[in-house]
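Novice: Residue numbers (this note's numbering): 26 to 557. No residue lacks a Cβ here, since even glycine has one placed at the ideal position from N, Cα and C. Owing to the predicted nature of the structure, the values given are computational and were not obtained by experimental measurement.
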Ligand code: HEM
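1) For a test of your reading of the model: does the CB of residue 238 fall under 7 Å from any non-hydrogen atom of ligand 1? Yes or no.
2) Can you tell me whether residue 552 is buried or exposed, with buried defined as 16 or more other CB within 10 angstroms of its CB?
3) If you pair each beta-carbon of the stretch 225-239 with each one of the stretch 284-294, do three or more pairs fall below 8 Å?
4) Round the Cβ separation of residue 468 and residue 496 to the nearest angstrom and send it over; I've been treating them as touching at under 8 Å.
5) Would you say the stretch 297-311 touches the stretch 184-201, given that touching needs at least three Cβ pairs under 8 Å?
6) Touch check for the stretch 359-372 and the stretch 392-404: three-plus C-beta pairs under 8 Å?
7) Beta-carbon separation of residue 110 and residue 132 under 8 Å?
8) Quick one: what's got a C-beta closer than 6 Å to residue 358's C-beta in the same chain, skipping five residues either side?
9) Measuring from the CB of residue 94, is there a heavy atom of ligand 1 at a distance below 7 Å?
10) Starting from residue 401 and walking both ways along the beta strand (DSSP E), at which residues does that stretch end?
11) Report buried or exposed for residue 159, applying the criterion of at least 16 other Cβ atoms within 10 angstroms of its Cβ.
12) Taking DSSP's pairing of strands, which residues face residue 32 in a bridge?
13) Return helix, strand or coil for residue 258, following the three-state DSSP convention.
14) Under the criterion of a Cβ to heavy atom distance below 7 Å, does residue 374 qualify as lining ligand 1?
15) Taking 7 Å as the cut-off, is the C-beta of residue 448 nearer than that to any heavy atom in ligand 1?
16) Taking the DSSP output, what are the residues bridged to residue 415?
17) Can you tell me whether residue 136 is helix, strand or coil according to DSSP?
18) So if DSSP puts residue 644 in a beta bridge, which residue, or which two residues, is it bridged to?
19) For residue 247 and residue 297, I'd like the C-alpha separation in whole angstroms.
20) Can you tell me which of the three DSSP states residue 232 falls into?
21) Return the CA-CA distance between residue 36 and residue 28, expressed in angstroms with no decimal places.
22) Buried or exposed: where does residue 173 fall if 16 or more other Cβ atoms within 10 Å of its Cβ makes it buried?
23) I need the DSSP call for residue 193, collapsed to helix, strand or coil.
24) Pick out the complete beta strand (DSSP E) segments inside the stretch 277-330, 3 residues or longer, and give them in chain order.
25) So for residue 117, helix, strand or coil by DSSP?
26) Any heavy atom of ligand 1 closer than 7 Å to the CB of residue 391?
27) Tell me whether residue 190 is buried or exposed, calling it buried when 16 or more other Cβ atoms sit within 10 Å of its Cβ.
28) Cβ atoms of residue 422 and residue 13: under 8 Å apart, would you say?
29) Are there any heavy atoms of ligand 3 lying less than 7 Å away from the beta-carbon of residue 282, as far as the coordinates show?
30) So, using beta-carbon positions, are residue 115 and residue 222 closer together than 8 Å?
31) On the premise that residue 228 lies in contact with residue 584, defined as a C-beta separation below 8 Å, what is that separation, rounded to the nearest angstrom?
32) Say the cut is 7 Å; is the CB of residue 73 nearer than that to a heavy atom of ligand 1?
33) Consult DSSP for residue 49 and reduce its assignment to one of helix, strand or coil.
34) Given 7 Å as the limit, tell me if residue 165 has its C-beta closer than that to any heavy atom belonging to ligand 1.
35) Would you call the CB atoms of residue 472 and residue 204 closer than 8 Å?
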């Protein structure tokens, strides 16, 4: 053993003392160095998704899509791009149990040769809120109450049910989280979704909308609630142990990467807004096309260095991929970078090996805590007459120009007044919630009714329980009655008022083929759809 300074250590068992039974001496620089470092081991846990598990792997493109995207990762069939994937729960702290009823994060960093692309998704294709300004409220309500510090898991929670019952846009997500999807059998049996609509941009600068999907080769499996409770008690590390063991045994889990691609004109035909993250794009209307495979084949060498220090960020995109104006995505693009400065303590967290790109990096960002790759040579500004790197747009292109295409933002037209408002096209909160519920098998529907009954029966405030039933009545009256009965309400509460009149004579909505294995289709049912 050595000290942190590399000095060989003679005795790591005893602090330097004045005599065998005398006081410990402050002079002991070796003991002080050791204790000093120990005292500073902790960093803040992630403000959300604190409990997670990371694994290395690679992505192999099986179908090039130059017609949609110029990104190298989408054009070179057979090339293996290294990846790091972190699975997580959302609401629990770092030490919370794996089988909590919760959304699972599914975040992948692709170390492409044009820079890092992060696909920071979940195992549910929709989200609770439409606008990022509500994210702190959602998370405050889902985490332990500020006075009592419980409950820790996202169950049986007055604050959570208060917030969502006052936030009708969360109803689609509520149906998904009350389904079996939030108690997965293991990470290996989960789907993943980019959730937002992104843009793919081809060499000619033409853009298409895209939704990203991960399809597990093992299929989707869940446990039931009683199993989840037992597993949490017997082995709170069940999911991370499952992943570690599978990889150690060489049983590498795989996911296909699928894309739903459509253009702006097609998007205008939907009865919902593709910029609204509380909605899916039905797979009947836009089939998922498989373009590659993710294989997870190596555990980390060190949990802290890799899983804890990895910093995913939705704004990490590469040429050929771009954002949309989804107001949730736009807020996320600010939030991750900001929180990671706090969490990792320095703007130089891109120098940490797990975050560092695996392609050349040339810029003039310098200094700050823990700077490990400052610019070399005379120049640290641009333009310069020395020999520093230059951007890609300069003509004539000399040897200093970036050898690859520079990132250019898609030229989406923007001309609007500056207003703080929610788009009218985001107003329908119940149709897809209803579609999801009625597309479930009877057994799955029973699980959902049981989950809602269990959760709401633990809510102390009666008005919150009643308000939730008032929402469920817009989704499925039988479900609302069953839950109301289950939680002992004598009278069925009124439907909560909605701003818009229901329109019931719309043509049939297409089935959600995300659920197409489900034997029960909602074809032929009339849907109450609220539109602007
Ligand atoms: C962390 C997904 C919405 C802020 C994460 C992680 C995932 C994720 C997977 C964990 C990353 C990791 O493993 O390190 C999502 C999805 C969202 C969503 C799919 C909605 C579609 C938001 C919003 C905000 C936000 C709206 C804020 C405006 C954060 C923050 C972290 C985080 C601050 C912690 C990051 C860190 O400390 O490294 N999110 N999130 N998320 N998310 Fe989100």
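Specialist: Answer, in terms of the structure:
1) Along the chain shown, one-based indexing puts residue 238 at 213. Answer for residue 238: no, Cβ out of range of ligand 1.
2) Taking the chain shown and counting its residues from 1, the one referred to as residue 552 is at position 527. Summary for residue 552: the model assigns pLDDT 35, below 50, so the residue's position carries little reliability, and this model does not support an answer.
3) yes
4) Position 443 of the chain shown, counted from the first residue, corresponds to residue 468. Position 471 of the chain shown, counted from the first residue, corresponds to residue 496. No, residue 468 and residue 496 are not in contact; Cβ-Cβ is about 23 Å, not under 8 Å.
5) Touching, per the Cβ criterion.
6) yes
7) Locating residue 110 in the chain shown gives position 85, counting from the first residue. Locating residue 132 in the chain shown gives position 107, counting from the first residue. Yes, the Cβ-Cβ distance between residue 110 and residue 132 is below 8 Å.
8) Position 333 of the chain shown, counted from the start, is the residue given in the question as residue 358. Counting only Cβ-Cβ distances below 6 Å, and skipping sequence neighbours, we find 339 and 340.
9) Counting from one through the chain shown, the residue named residue 94 turns up at place 69. No, the beta carbon of residue 94 sits no closer than 7 Å to any heavy atom of ligand 1.
10) If you number the chain shown from 1, residue 401 lands on position 376. Counting along the chain, residue 401 falls outside any beta strand (DSSP E), and DSSP gives it neither H nor E.
11) Position 134 of the chain shown, counted from the start, is the residue given in the question as residue 159. Buried is the call here.
12) Within the chain shown, residue 32 is the residue found at index 7, counting from 1. In the DSSP secondary-structure assignment, residue 32 is not bridged to any residue.
13) Locating residue 258 in the chain shown gives position 233, where the first residue counts as 1. The answer is helix: DSSP assigns residue 258 an H, G or I state.
14) Within the chain shown, numbered from 1, the residue matching residue 374 stands at position 349. Incorrect: residue 374 has no Cβ contact closer than 7 Å to ligand 1.
15) Indexing the chain shown from 1 puts residue 448 at position 423. Every heavy atom of ligand 1 is 7 Å or more from the Cβ of residue 448, so no.
16) Walking along the chain shown from the start, residue 415 turns up at place 390. According to DSSP, which records beta bridges pairwise, residue 415 is partnered with 426.
17) Position 111 of the chain shown, counting from 1, holds the residue named residue 136. Reduced to three states, the DSSP call for residue 136 is strand.
18) Since the displayed the chain opens at 26 and closes at 557, residue 644 lies outside it and no answer follows.
19) Numbered from its first residue, the chain shown carries residue 247 at position 222. Numbered from its first residue, the chain shown carries residue 297 at position 272. Looking at the two C-alpha atoms, the distance is approximately 29 Å.
20) By 1-based counting over the chain shown, the position of residue 232 is 207. The answer is strand: DSSP assigns residue 232 an E or B state.
21) As a working note, residue 36 is residue 11 in the chain shown. As a working note, residue 28 is residue 3 in the chain shown. Cα to Cα, residue 36 sits roughly 11 Å from residue 28.
22) Taking the chain shown and counting its residues from 1, the one referred to as residue 173 is at position 148. Residue burial annotation: residue 173 is exposed, with fewer than 16 other C-beta atoms found within 10 angstroms of its C-beta.
23) Position 168 of the chain shown, counted from the first residue, corresponds to residue 193. Looking at residue 193 - three-state DSSP - the assignment turns out to be helix.
24) 279-287 and 314-324
25) Within the chain shown, residue 117 is the residue found at index 92, counting from 1. Coil.
26) Stepping through the chain shown from its first residue, residue 391 is reached at position 366. Residue 391: no, Cβ never under 7 Å from ligand 1.
27) Walking along the chain shown from the start, residue 190 turns up at place 165. With 16 or more Cβ atoms within 10 Å of its Cβ, residue 190 is classed as buried.
28) The chain is shown only over 26 to 557; residue 13 falls outside these bounds and no answer can be derived.
29) In the structure on display, ligand 3 does not appear, and the ligands it does have are ligand 1.
30) Here residue 115 refers to the residue found at position 90 when the chain shown is read from its first residue. Here residue 222 refers to the residue found at position 197 when the chain shown is read from its first residue. Their beta carbons are not under 8 Å apart, which means residue 115 does not touch residue 222 by this criterion.
31) Lying before the first or after the last residue shown, residue 584 is absent from the chain, which here runs from 26 to 557.
32) Translated into positions along the chain shown, residue 73 becomes position 48. Taken from the Cβ of residue 73, at least one heavy atom of ligand 1 lies inside 7 Å.
33) The count along the chain shown starts at 1 and reaches residue 49 at position 24. Three-state result, residue 49: strand.
34) Translated into the one-based positions of the chain shown, residue 165 becomes position 140. No; taking the cut-off as 7 Å, the Cβ of residue 165 has no heavy atom of ligand 1 nearer than that.
35) Start at 1 with the first residue of the chain shown, and residue 472 comes out as number 447. Start at 1 with the first residue of the chain shown, and residue 204 comes out as number 179. Yes, these two residues count as a Cβ contact at 8 Å.
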